[in-house]
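Asks:
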Amino acid sequence: MKAFQIVPKIREYAEFSEFAKESGLQAKDLILTNAWIFRPKIEALHLDCQILFAEKYGTGEPTDVMADAILEELQDSTYDRIIAVGGGTIIDLAKVLAVADINDTVADLYERMDALRKIHPLVIVPTTCGTGSEVTNISIINRTQKGIKQGLASPAMFADEAVLIPELLEGLPYHVYAASSIDAMVHAVESYLSPQACSFSELFSGQAMRLLTDGWKAAVSHSDPEAWKPYAAMLLRASNYAGIAFGHAGCAAVHALSYPLGGVHHVPHGEANHVMFEPVMKAYMRKKPDGRLYRLRELLGSMLACRPEEALENLFDLVERVQERKTMRSYGVTPDEITWYADNVIETQQRLLVNNYVPLTRDDILRIYEDAL
Ligand SMILES: [Fe+2]
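When the sequence shown is numbered by the numbering used here, its final residue is 374 and no position is left out of the sequence of numbers.
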């Protein structure tokens, strides 16, 4: 049986300046971030660190091309700690850099995944309220030549420290807040339903759901798109709790089925999960509405002040008020693509599908895609 553990040390600070001071950031530290995060919150501190803006090497979800370009750029640099300050892309890239030797490419790392070792100490500071990736040991890279998103995972890819600083969420655009917090809810729900869940991971899944539903309910009661910001610390913590939970119990079908949308149509991760969330949960309801799924509905019912039988519909309504769910067609997916999607998911995403609440057949997966189309 897999032991429950939280590997990185976790710290919380109100402001980046407190973290910089206490961590003793200095010349041998490499900060991997984006200019739009650095300029408003970090630049004025005049830190004596090396700074790398990831957008110089590509934008959007992380790809092998971006990671290889950064690795090439860093070949002539001498640095010790990597301080990743950013969203999912920055964090995934930093985990790759932490285990890469000087002449490595991303393909080399996939080839020796079982033998990876940490080359650079890694500190991760998330700036969205979604990935929870600061406490997991997996990096999802779009392998452009293969046309698939694939996980690179190793115990060596855990951060040494995960640092939560709500101040860094202040500039987050609404759609990023919405998609990333919905991603965190999917992490919480998928890890709760996973057959790999244990009593400890359930605690983190459950508390993540509670903080997210509380934050969302409070925010949607105002018409102001900034109304979520007073709850940033709560949502950041929720994302971290959900990360701890799925780091143990795994994510499942929602993530697995969303990957072709990201890999082929470049739909951002949180948005793609939003598209698949409701159709996957409805498939679970058709197959086995009792058992662990009923316990989830009871738990959500207690958070949404409704009966278990209404809890999922009420959750979907609340999610819809946070952000309207789009169809797969709206991203350019055509009906004849979904057969390939289903086959591709079954072939490449078994890592996630083994965590499904109940096994899903090829026909089940096709039905889910038809519902989401
Ligand atoms: Fe996710």
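Just so it is clear, CB atoms sit at the ideal spot from N, CA and C, and this is done for glycine as well.
#1: Hey, is C252 close to ligand 1, as in C-beta under 7 Å from one of its heavy atoms?
#2: If you run the structure through DSSP and keep just helix, strand and coil, what is L48?
#3: If the criterion is Cβ atoms closer than 8 Å, does the pair I141 and K147 meet it?
#4: Say yes only if the C-beta of L93 is nearer than 7 Å to one or more non-hydrogen atoms of ligand 1, and no if none qualify.
#5: Can you tell me the Cα-Cα spacing of M186 and I92, whole angstroms?
#6: Near I120, which residues of its chain fall below 8 Å by C-beta distance, leaving aside the five closest residues on each side in sequence?
#7: For G333, which residues of its own chain have a beta-carbon under 8 Å away from its beta-carbon, when the five flanking residues on both sides are left out?
#8: Relative to the C-alpha of M67, which residue among Q76, A55 and L75 is closest?
#9: Quick one: what's got a C-beta closer than 6 Å to L262's C-beta in the same chain, skipping five residues either side?
#10: For G61, count the other beta carbons within 10 Å of its own beta carbon; 16 or more makes it buried, fewer makes it exposed. Which is it?
#11: For my contact list, S384 and F247 are in at a C-beta cut-off of 8 Å; report their separation, rounded to the angstrom.
#12: Take M235 and list the residues in its own chain whose beta-carbon comes closer than 6 Å to its own, dropping the five residues that flank it on each side.
#13: Please name the residue in R293, E73, E310 and H223 whose C-alpha comes closest to that of S195.
#14: What is the DSSP secondary structure of I166, counted as helix, strand or coil?
#15: Within 8 Å, do at least three Cβ pairs link the stretch 352–370 to the stretch 159–179?
#16: For Q6, is the classification buried or exposed, using 16 other Cβ atoms within 10 angstroms of its Cβ as the cut-off for buried?
#17: Compute the distance between the beta-carbons of I184 and G131, then report whether it is under 8 Å.
#18: Report the three-state DSSP secondary structure of S140 (helix, strand or coil).
#19: Does the distance between the C-beta of T145 and the nearest non-hydrogen atom of ligand 1 fall short of 7 Å?
#20: Tell me the DSSP bridge mates of I11?
#21: Comparing alpha-carbon positions, which option in D105, K3 and V8 lies nearest G244?
#22: Regarding T132 and ligand 1, is the C-beta to nearest heavy atom distance less than 7 Å?
#23: Per DSSP, what are the beta-bridge partners of L31 in this structure?
#24: Could you name the residues that DSSP lists as bridge partners for G152?
#25: Should N357 be listed as close to ligand 1, given that the test is whether its C-beta is under 7 Å from any heavy atom?
#26: From this set, G133, H176, A180 and K289, which residue's C-alpha is nearest F159's C-alpha?
#27: Rounded to whole angstroms, what is the Cα-Cα separation between I38 and I52?
#28: Out of curiosity, what's the CA-to-CA distance linking M329 and V276?
#29: Report the CB separation of V346 from L237 in whole angstroms; it is logged as a contact under 8 Å.
#30: On a Cα-Cα basis, can you pick out the residue from Q27, T34 and D65 that is closest to D49?
#31: Could you check what DSSP says for P127 in three-state terms: helix, strand or coil?
#32: In whole angstroms, what is the alpha-carbon distance linking D30 and R82?
Replies: Taking the geometry as given:
#1: Translated into the one-based positions of the sequence shown, residue 252 becomes position 251. Result yes, Cβ under 7 Å from ligand 1.
#2: To locate residue 48, count along the sequence shown from 1; it is residue 47. In the structure shown, L48 adopts coil according to DSSP, grouped into three states.
#3: Taking the first residue of the sequence shown as position 1, residue 141 is located at position 140. Taking the first residue of the sequence shown as position 1, residue 147 is located at position 146. Contact: no.
#4: Counting from 1 along the sequence shown, the entry for residue 93 is found at position 92. According to the sequence displayed, residue 93 carries Asp and not Leu. Set against 7 Å, the gap from the CB of D93 to the closest heavy atom of ligand 1 is not smaller.
#5: Along the sequence shown, one-based indexing puts residue 186 at 185. Along the sequence shown, one-based indexing puts residue 92 at 91. Within the model, the alpha-carbon separation for M186 versus I92 is close to 19 Å.
#6: As a first step, residue 120 is located in the sequence shown; it is residue number 119 there, counting from the start. Closer than 8 Å at the Cβ level, and outside the excluded window around I120, lie A99, V100, A101 and D102.
#7: As a working note, residue 333 is residue 332 in the sequence shown. Exclusion of the five residues before and after G333 leaves H266 as the residues of its chain whose Cβ lies within less than 8 Å of its Cβ.
#8: By one-based count along the sequence shown, residue 67 stands at place 66. Put simply, of Q76, A55 and L75 the residue whose alpha carbon is nearest the alpha carbon of M67 is A55.
#9: Here the question's residue 262 lines up with position 261 in the sequence shown. Short of 6 Å from the beta carbon of L262, and not among the five residues preceding or following it, lie these beta carbons of its own chain, in chain order: V268 and A273.
#10: Position 60 of the sequence shown, counted from the first residue, corresponds to residue 61. Exposed: under 16 other Cβ atoms inside 10 Å.
#11: As shown, the chain starts at 2 and ends at 374. That puts residue 384 outside it, with no answer to give.
#12: The sequence position of residue 235 within the sequence shown is 234, counting from 1. Scanning its chain for C-beta atoms nearer than 6 Å, with the 5 sequence neighbours on each side dropped, one finds around M235 the residues L212 and G216, in chain order.
#13: Position 194 of the sequence shown, counted from the start, is the residue given in the question as residue 195. Residue nearest to S195 within the set R293, E73, E310 and H223 is R293 (criterion: CA-CA distance).
#14: Position 165 of the sequence shown, counting from 1, holds the residue named residue 166. Looking at I166 - three-state DSSP - the assignment turns out to be coil, as it is neither helix nor strand.
#15: In this structure the stretch 159–179 does not touch the stretch 352–370; the number of beta carbon pairs closer than 8 Å is below three.
#16: As a first step, residue 6 is located in the sequence shown; it is residue number 5 there, counting from the start. With fewer than 16 other Cβ atoms within 10 Å, it is exposed.
#17: Within the sequence shown, numbered from 1, the residue matching residue 184 stands at position 183. Within the sequence shown, numbered from 1, the residue matching residue 131 stands at position 130. Rather than Ile, the amino acid found at residue 184 in this sequence is Asp. In this structure, G131 lies closer than 8 Å to D184 by Cβ.
#18: Here residue 140 corresponds to residue number 139 of the sequence shown, with the count starting at 1. DSSP, read as helix, strand or coil, puts S140 in strand.
#19: Stepping through the sequence shown from its first residue, residue 145 is reached at position 144. For ligand 1, not one heavy atom lies less than 7 Å from the Cβ of T145.
#20: Stepping through the sequence shown from its first residue, residue 11 is reached at position 10. DSSP lists A163 as the bridge partner or partners of I11.
#21: On the sequence shown, residue 244 is found 243 positions in, with the first residue counted as 1. Of the listed residues, the one whose Cα sits closest to G244 is V8.
#22: As a working note, residue 132 is residue 131 in the sequence shown. Yes, the beta carbon of T132 sits closer than 7 Å to at least one heavy atom of ligand 1.
#23: Here residue 31 corresponds to residue number 30 of the sequence shown, with the count starting at 1. In the DSSP assignment, L31 is bridged to Q51 and I83.
#24: Walking along the sequence shown from the start, residue 152 turns up at place 151. As computed with DSSP, G152 is found in a beta bridge with I141.
#25: Stepping through the sequence shown from its first residue, residue 357 is reached at position 356. Within 7 Å of the C-beta of N357 there is not a single heavy atom belonging to ligand 1.
#26: Numbered from its first residue, the sequence shown carries residue 159 at position 158. Relative to the Cα of F159, the nearest Cα in the group G133, H176, A180 and K289 belongs to G133.
#27: The count along the sequence shown starts at 1 and reaches residue 38 at position 37. The count along the sequence shown starts at 1 and reaches residue 52 at position 51. Distance from the CA atom of I38 to the CA atom of I52, rounded to whole angstroms, is 12 Å.
#28: Residue 329 sits at position 328 when you count from the first residue of the sequence shown. Residue 276 sits at position 275 when you count from the first residue of the sequence shown. Linking M329 to V276 through their CA atoms gives a straight-line distance of about 7 Å.
#29: If you number the sequence shown from 1, residue 346 lands on position 345. If you number the sequence shown from 1, residue 237 lands on position 236. Not a contact, Cβ separation roughly 31 Å.
#30: For this step, residue 49 is matched to residue 48 along the sequence shown. Closest by C-alpha distance to D49, out of Q27, T34 and D65, is Q27.
#31: Indexing the sequence shown from 1 puts residue 127 at position 126. Reduced to three states, the DSSP call for P127 is strand.
#32: By one-based count along the sequence shown, residue 30 stands at place 29. By one-based count along the sequence shown, residue 82 stands at place 81. Between the C-alpha atoms of D30 and R82 there is a straight-line separation of about 5 Å.
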